[in-house]
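If you use full-length UniProt numbering, the sequence shown corresponds to residues 1 to 332, in order.
Below is one structure, written out as structure tokens; the observations come after it.
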Amino acid sequence: MAVFTSHCTIDEDNPPFTFLSPPINALKIYPYQSNFFNCQSLLPLRQTTQTSRTSMESYGQEVVLITGCTQGGIGHALAREFANNNCLVVATARSLTSMRDLDQDKRFYLQELDVLSDESVQHVLSNVVERYGRVDILVNNAGIQCVGPLAEIPLSAMQNTFNTNVYGTMRLVQAVVPHMASSKKGKIVNVGSVTVMAPVPWAGVYTATKAALHSLTDTLRLELRPLGITVINVVPGAVKSNIGNSAVASYNQMPEWKLYRPFEKAIRERAHLSQGLAATPTEEFAKKTVAAILKENPPAWFSIGQFSTVMSIMHHLPLSIKDFILRRKFNC
Ligand SMILES: NC(=O)c1ccc[n+]([C@@H]2O[C@H](COP(=O)([O-])OP(=O)(O)OC[C@H]3O[C@@H](n4cnc5c(N)ncnc54)[C@H](OP(=O)(O)O)[C@@H]3O)[C@@H](O)[C@H]2O)c1
1 MAVFTSHCTI DEDNPPFTFL SPPINALKIY PYQSNFFNCQ SLLPLRQTTQ TSRTSMESYG
61 QEVVLITGCT QGGIGHALAR EFANNNCLVV ATARSLTSMR DLDQDKRFYL QELDVLSDES
121 VQHVLSNVVE RYGRVDILVN NAGIQCVGPL AEIPLSAMQN TFNTNVYGTM RLVQAVVPHM
181 ASSKKGKIVN VGSVTVMAPV PWAGVYTATK AALHSLTDTL RLELRPLGIT VINVVPGAVK
241 SNIGNSAVAS YNQMPEWKLY RPFEKAIRER AHLSQGLAAT PTEEFAKKTV AAILKENPPA
301 WFSIGQFSTV MSIMHHLPLS IKDFILRRKF NC
């Protein structure tokens, strides 16, 4: 489905922005521009100089590293869909048991990875480089919801959400970029959210993390282009996953609200908002998203899932009308 936003029109056959940047070869005509854009000298040496046995075997196949591949979630469905498209998939999650069903399938290389830990990220990356010699596609999918009124949510919960959704993503980006840049090739996919298009009550922290991520993704797309790396913002609407249950579990840890006790029911319901009966099935989301990512010229912004069109329209409404609709819907 084509989605219209203030950023771009999603047209998979005509990816936005590509016409804005001159071809890299053109830059090399002008030495000062070449120096400005050529960041090769800043890159660390490739960590492995030897071509590993498996990197020969993986020749011609894309090596895809995905975070947050717990069974039942978007990352797990993306992992299976990339594998169906002949990719070698490094499926990662905080715990191997959450990906148990992929264990016997040779198309997957399973790794424990916590996006909050430098050590964990470096450990996985060195395993992957040793095994395959490279990462062709990084999918920053891991993320958590955070529900509650902004005036009362503990700062520690806010920080944890930013640490996971924003700094966790950047930790992976900073670890993987030198490897991709050394081969002047790669794709980085950040998973944002349509909630940024029209922020709703009771999920302000989550929305703020995704807004920050959208912004970082827009900048990364420009900054990484001279290094040969393509950046894609995948912006899901409501997609069936574990996110509702996880959100309720963390909501249950919140303190009792003081000013917002009368809104308790509405706030709790926000945790499930994306998990209604009409939420887009995870497999359908994954099929279309992976097809878009694997294109030679993938779109800069790919939005799909229930509410993605509605939220794009909401984005363009005058604030007074948007607030009126949201106040009625969310009882505030
Ligand atoms: N589903 C939707 O409607 C929807 C809409 C918009 C955007 N999104 C985004 O889509 C992405 C996937 O979410 P989902 O819906 O599939 O939710 P999900 O089923 O809850 O999956 C989230 C994944 O992130 C993992 N994760 C959380 N903290 C992590 C950490 N510190 N390190 C590594 N992994 C961590 C979770 O691991 P555990 O299982 O160990 O907790 C899980 O594997 C998220 O970025 C989410 O914000 C989802």
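We treat Cβ as the ideally placed atom computed from N, Cα and C, and that holds for glycine.
Contact under 7 Å by Cβ, residue i with residue j
i, j, result
"T230", "K184", "no"
"D101", "Q71", "yes"
"T209", "N242", "no"
"T161", "N190", "no"
"M99", "L110", "yes"
"G237", "H214", "no"
"A266", "N331", "yes"
"L125", "A175", "yes"
"V239", "T282", "yes"
"G75", "N141", "yes"
"A292", "E81", "no"
"M197", "H123", "no"
"R131", "D114", "no"
"E119", "L96", "no"
"V135", "H179", "yes"
"N84", "Q61", "no"
Proximal residues to residue i (C-beta, below 6 Å), its chain only, five neighbours per side dropped
i, result
"K329", "none"
Bridge partners - residue i, DSSP secondary structure assignment
i, result
"T195", "DSSP, once it has assigned bridges, lists no residue as partnering T195."
"K187", "I137 and T230"
"E264", "For E264, which the question treats as bridged, DSSP gives no partner whatsoever."
"Y109", "V90"
"S303", "V235"
"T280", "V239"
"L65", "V90 and L138"
Beta-carbon contacts of residue i that lie in its chain and below 8 Å, excluding the five residues immediately before and after
i, result
"P154", "M254 and P255"
"G276", "A238 and Q306"
"M311", "V194, T195, M197, A198 and G237"
Proximal residues to residue i (C-beta, below 7 Å), its chain only, five neighbours per side dropped
i, result
"T289", "L78, V234, F302 and I304"
"A278", "Q306"
"P199", "T207"
"R221", "V231 and A300"
"Y260", "P149, E152 and I267"
"C69", "G75, H76, A79, A91, T92, A93 and M99"
"K106", "none"
"N163", "L116"
Q.
When you compare the stretch 63 to 78 with the stretch 86 to 96, are there three or more beta-carbon pairs, one atom per stretch, that lie closer than 8 Å?
A. yes
**Q.** the stretch 165 to 179 / the stretch 295 to 308 touching (three or more Cβ pairs under 8 Å)
**A.** no
Q | Any 3 or more C-beta pairs closer than 8 Å across the stretch 198 to 205 and the stretch 138 to 150 | A | yes
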